[in-house]
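Numbering (our numbering), first residue to last: 248 to 683.
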């Protein structure tokens, strides 16, 4: 699980900022303060897992397009490097036998005479070790990348600890084309190091999987279409614009079960949509989705329910098909939704975590979503430790900063938000009561 991001000299962020992540992390703040920059950074890392020899960081890919790497430098800086640190916790650890092999690989001894042509290695495998009883590994992923036309000058480091024991610590030079994000050269002139790297990769694979499995929905999603092409959508994703939401929904409704129930429950709560049905046309190559409005009891095509349904549908379907421990990043989930529906969207994110184990990173301007999350904490249906609010604003030196805030027991917000952020309506109404 990604626990914290530290970022320096990247687009809006000049000085180092810290973003704390919890199962439900909410990004709030003024426009152009840097909220979406944090999401774009994670998307850049995700697509950099398949980086080429030419670049360590892939700035233009299928997840995000940021242009030339050198242009991502903060405009206040004349030169310098991108610096980042990611802190992870993972319970996906080697079993006792794998751990014993790994510990043995760390103590490989060369027994041969360096003058001979043969190399003999001694591997001692411990039967037991306290290190194997640790349940959580802490992983720090760091990068220092000089701003040049290509991102191949700098260093990449990954450090893994189990309890107080450092089990892996690798520093790679980016000028080596075999060094990639969460990837170090398997080859080495030292056979001891080559063997150790094979075992060490076991600790990196879970972090690579978490990073690659992140899902993202853009601020503007595609509207629902009346005619649906029946197809096999890509596994586990509705697409960043929600373009595969309806094909996935059609499959969910055909299979029935808990996933379909999850979608119907939240479509009703957020958008008053009930009795969702798919009707095939022709030979089954196309289908039509119909549903009923819970309030009016009128049936119509799903695409005729309005913009709000088209915007929330991909979010709800993505949650239903996401695997546990996935991080779902959503920009403006409140788009085209009235305040009551935004409250229900807050319940959706809570349910997504509590019943399905899917985490959320939410960029929003909705006070209603946050209000519902606070209410759920007050009611004991969420723990204060489930939620983190990251307030992104501009300091007195005109630099973006991030303040990580808690929702305290009872639903209270930790001090740190200015009155004008969620109290703008109160301040405005006070003006009406001022006598001239």
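Cβ coordinates follow ideal geometry from the N, Cα and C atoms, glycine included. Here the structure is a predicted model, which means the values were calculated and not measured.
Residue 552 sits in coil when the DSSP states are folded into three classes, being neither helix nor strand.
The alpha carbon of residue 620 has as its nearest neighbour, out of 656, 332, 465, 514, the alpha carbon of 656. Residue 513: member of the alpha helix (DSSP H) spanning 505-518, first to last residue. Pairing residue 558 with residue 580, the inter-Cα distance amounts to about 8 angstroms. Here residue 403 is bridged, per DSSP, to 390, 419. Segment contact: the stretch 598-610 against the stretch 478-498, fewer than three CB-CB distances shorter than 8 angstroms; contact not assigned. Measuring C-alpha to C-alpha distances from residue 277 to each of 503, 648, 552 identifies 648 as the nearest. Ranked by Cα distance from residue 416, the options 386, 662, 395, 396 are led by 386. The DSSP assignment places complete beta strand (DSSP E) segments of no fewer than 3 residues inside the stretch 520-607 at 520-528, 533-540, 546-548, 574-578, in order along the chain.
For residue 642, the three-state secondary structure derived from DSSP is coil.
Counting C-beta pairs with one atom in each stretch, the stretch 536-549 and the stretch 563-572 have fewer than three that are closer than 8 angstroms, which means they do not touch. Annotated three-state conformation of residue 254 is strand, per DSSP. For residue 292, the enclosing alpha helix (DSSP H) begins and ends at 282-295. Taking 8 angstroms as the cut-off, the beta carbon of residue 282 is found no closer than this to the beta carbon of residue 505. Between residue 533 and residue 496, the gap from beta carbon to beta carbon reaches 8 angstroms or more.
For the pair residue 288 and residue 625, the Cα-to-Cα distance works out to about 33 angstroms.
Annotation: residue 612 is outside any beta strand (DSSP E) and is labelled neither H nor E by DSSP. Residue nearest to residue 293 within the set 285, 303, 310, 301 is 310 (criterion: CA-CA distance). By the neighbour-count criterion, in which 16 or more other beta carbons inside 10 Å mark a residue as buried, residue 554 falls on the exposed side. In the DSSP annotation of this structure, the continuous segment of the beta strand (DSSP E) that includes residue 462 starts and ends at 462-464. Judged by beta-carbon spacing, residue 421 lies within the 8 angstroms limit of residue 399, meaning their Cβ atoms are closer than that value. In its chain, beyond the 5 residues on either side, 328, 400, 401 have a beta carbon closer than 6 angstroms to the beta carbon of residue 393. Residue pairing by DSSP places residue 331 opposite 254, 390 in a beta bridge.
Comparing alpha carbon positions, the residue from 397, 428, 382, 632 closest to residue 412 is 382. For residue 494, no beta strand (DSSP E) run applies; the uninterrupted alpha helix (DSSP H) run containing it begins and ends at 492-502, by DSSP. With a threshold of 16 other beta carbon atoms within 10 Å, residue 511 meets it and is buried. In chain order, 533 place their CB closer than 6 angstroms to the CB of residue 474, counting only its own chain and leaving out the 5 sequence neighbours on each side. In terms of Cα proximity to residue 618, the closest of 607, 636, 608 is 636. A distance of 8 angstroms or more separates the beta carbons of residue 646 and residue 255. The three-state reading of DSSP puts residue 313 in coil, since its state is none of H, G, I, E or B.
For a cut-off of 8 angstroms, the C-beta gap from residue 252 to residue 335 is around 10 angstroms, too long to register as a contact.
Boundaries cannot be given for residue 474, as no beta strand (DSSP E) includes it and DSSP labels it neither H nor E.
Beta-carbon to beta-carbon, residue 268 and residue 249 are separated by about 5 angstroms, close enough to satisfy the 8 angstroms threshold.
The shortest C-alpha to C-alpha distance from residue 501 to any of 523, 451, 627, 456 is the one to 523.
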